[in-house]
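This report concerns only the one structure given below.
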Amino acid sequence: MDFDALFNTQLDALREEGNYRIFAELERKCGQHPRARNYHEGQERDVTVWCSNDYLGMGHSPVVIDAMKAAIDANGAGSGGTRNISGTNHQHLLLERELADLHGKENALLFTSGYVSNWAALSTLGAKLPGAVILSDELNHASMIEGIRHARCAKKIWRHNDVEDLDRKLAECDPDAPKIVAFESVYSMDGDIAPIAEICDVAEAHGAMTYLDEVHAVGMYGPRGGGVAERDGVMDRVTLIEGTLGKAFGVLGGYITGSAALCDFVRSFASGFIFTTALPPAIAAGATASIRHLKNSPFERTKQKRQVARLRAQLDAHGIPHLDNPSHIIPVMIGDPVKCKFISDTLMDNYGIYVQPINYPTVPKGTERLRFTPGPLHSDDDIDLLVDALSDLWRQCALARAVA
Ligand code: PLP
């Protein structure tokens, strides 16, 4: 059988729809975030990155890099095993304590990524709690959806951020069934924020536990970077908070936090925790340093908010339409995969601006967009240059402007 022909048929279909993905080939320049060199197709040019999830530039922070270097010198490269068989290092425990403290929980459990933490925790909770029902927000991330699918328990999808719909769906469940309400705080593609307190009200009224993905909020919101639940003063009401170490904390890894029993339960039953090599100690040391720093330093968050507000104001002044939301994510809607890629390519080729086109299946077809994530290290000049470039392109492509 010609397997390559089978693969190519489907890849060609992606290309025809304009949904075939082409990656930039970046070389990040330490200490120069958001600058990088793009090696894509041998073109080699310096670019300013406008779509990084290293939201606060912590991946280049001397605090983090020094901690990682020291840990490599002290502990070497890898962890040496799975957590169960010789891979649990002192650095992992220090990090888990730091995370538990960040979210005001008894304990935390590390995973190799945020994706794995959602997949492993949700699949374990759904599969191992007898008669469990998972109630999932309809816009939850793929990692949560995969975890829920793998749990093979009953599930209900509630309308995005719609507390009344959640209430109705919870009322349909067996009152004695263990119910898990799974949702995110900051939704990464639209940048909207969940009403966490109201969701907790409804979940508590039905005796359900809450599972909150704060991947796009940890490090970013709340006085110590504990996320939107910290900002809203409701961390103690959320049963399980999940997060990543790979975005605002600038490193790699994922985690859950919750009661000691909950973390022990997932530790003991989740195959995605048990059967994989533990994170290198240096990664854990870097993450711990990053979290500690952001617990005490509001500087990065303050500067980042300023740059987000500045970019929004400039886009408004030039009539470039963007989704109105209360977060740090600025989606500029294009609504067509081919145009979206054209604008992204032109920004790269003519202006040295890198923003990846976001297309299906990350977002529904017809809602293709450019997703900008201004950070504290984007200068005012960077913002002016970006908005001037977008304005030129809007003119060239005859795209509709927003009316002030
Ligand atoms: N949860 C959400 C909402 C995400 O957007 C992502 C990744 O973008 C993840 C989880 C996975 O996190 P990680 O990148 O650490 O695997």
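To get the working numbering, take the position in the sequence shown, counting from 1, and add 23.
Each residue gets a CB set at the ideal place from its N, CA and C atoms; glycine is no exception.
The structure presented is a predicted model; accordingly, all values stated were derived computationally and were not measured.
Beta-carbon gap between residue i and residue j smaller than 7 angstroms
i, j, result
"I95", "A305", "yes"
"R68", "N61", "yes"
"G266", "V241", "yes"
"M24", "G273", "no"
"R254", "G248", "no"
"I216", "P349", "yes"
"A205", "S140", "no"
"S425", "G358", "Looking at the sequence provided, one finds Ala at residue 425 rather than Ser. Against a cut-off of 7 angstroms, the Cβ pair of G358 and A425 comes out as no contact."
"Y278", "L133", "yes"
"V377", "A47", "The question names Val, but residue 377 in the sequence shown is Tyr. Yes. Within cutoff."
"E129", "A340", "no"
"E195", "R182", "no"
"I406", "R333", "yes"
"K270", "N112", "no"
"T280", "T105", "no"
"P321", "G101", "no"
For residue j and residue i, believed in contact at Cβ under 8 angstroms, the rounded distance
i, j, result
"S208", "A252", "7 angstroms"
"V261", "L235", "5 angstroms"
"I219", "V186", "Going by Cβ atoms, the distance from I219 to V186 rounds to 10 angstroms, so no, they are not a contact pair."
"I264", "M232", "I264 to M232, Cβ: 12 angstroms. No contact."
"D259", "G127", "6 angstroms"
"Q330", "H401", "5 angstroms"
"N107", "I297", "6 angstroms"
Sequence-distant residues of the same chain with beta carbon closer than 7 angstroms to residue i, five excluded per side
i, result
"M450", "Any answer about residue 450 is impossible in this case: the structure gives the chain only from 24 up to 427."
"R58", "K52, D69, T71"
"L346", "D213, G214, P354, M356"
"K318", "L125, R247, G248"
"V225", "V186, L189, D190, L193"
"G256", "none"
"L409", "W73, I376"
8 angstroms Cβ shell around residue i - same chain, five flanking residues per side excluded
i, result
"Q55", "H83"
"G389", "G358, D359"
"A174", "L145, S146, T147, L148, G149, A150, A155, I157"
"Q327", "Y78, L79, M243, H351, P397, G398, P399"
"C420", "K362, F365, I366"
Through-space distance from residue j to residue i, alpha-carbon basis
i, j, result
"A28", "D124", "53 angstroms"
"A131", "R392", "35 angstroms"
"C363", "V386", "13 angstroms"
"I352", "F30", "35 angstroms"
"A423", "L416", "11 angstroms"
"L37", "E64", "20 angstroms"
"D404", "D411", "10 angstroms"
"L79", "T311", "15 angstroms"
"K151", "Q114", "29 angstroms"
"L268", "S136", "8 angstroms"
"N184", "L145", "19 angstroms"
"A165", "E237", "14 angstroms"
"K192", "K178", "10 angstroms"
"F292", "Q337", "50 angstroms"
"G276", "N373", "35 angstroms"
"D35", "A200", "46 angstroms"
"E227", "P153", "20 angstroms"
"L122", "F395", "28 angstroms"
"E39", "F26", "20 angstroms"
"G250", "M371", "33 angstroms"
"H229", "R172", "23 angstroms"
"T32", "P344", "36 angstroms"
"S414", "Y210", "27 angstroms"
"V418", "I180", "For the record, residue 418 in the displayed sequence is Arg; it is not Val. About 41 angstroms."
C-beta neighbour in chain B for residue i, strict 7 angstroms
i, result
"I222", "Of the chains in the structure shown, none is chain B; there is only one protein chain."
Sequence-distant residues of its chain with Cβ nearer than 6 angstroms to residue i (five each side left out)
i, result
"R295", "The residue you asked about is not Arg; residue 295 is Gly in the sequence shown. Same-chain partners within the cutoff: V139, W142, A143."
"P360", "G41, N42, N382, E391"
"Q379", "C74"
"S109", "G103"
"L117", "T311"
"V86", "A312, H316"
"N98", "P304"
"G170", "N141, W142, L145, S146"
Cβ-heavy atom distance, residue i to the ligand ZN, below 6 angstroms
i, result
"V238", "Questions concerning the ligand ZN fall outside what the structure shown contains, since the ligands it does hold are the ligand PLP."
Entirely enclosed alpha helix (DSSP H) segments - the segment 77-135, minimum 4 residues: 85-98, 113-126
Inside the segment 376-426 only - beta strand (DSSP E) runs reaching at least 3 residues: 392-395
Those runs of the alpha helix (DSSP H) which lie wholly inside the segment 277-341 and span at least 4 residues: 283-292, 294-297, 304-319, 322-340
Segments of 3+ residues assigned as beta strand (DSSP E) that fall wholly inside the segment 204-289: 232-236, 263-267, 277-281
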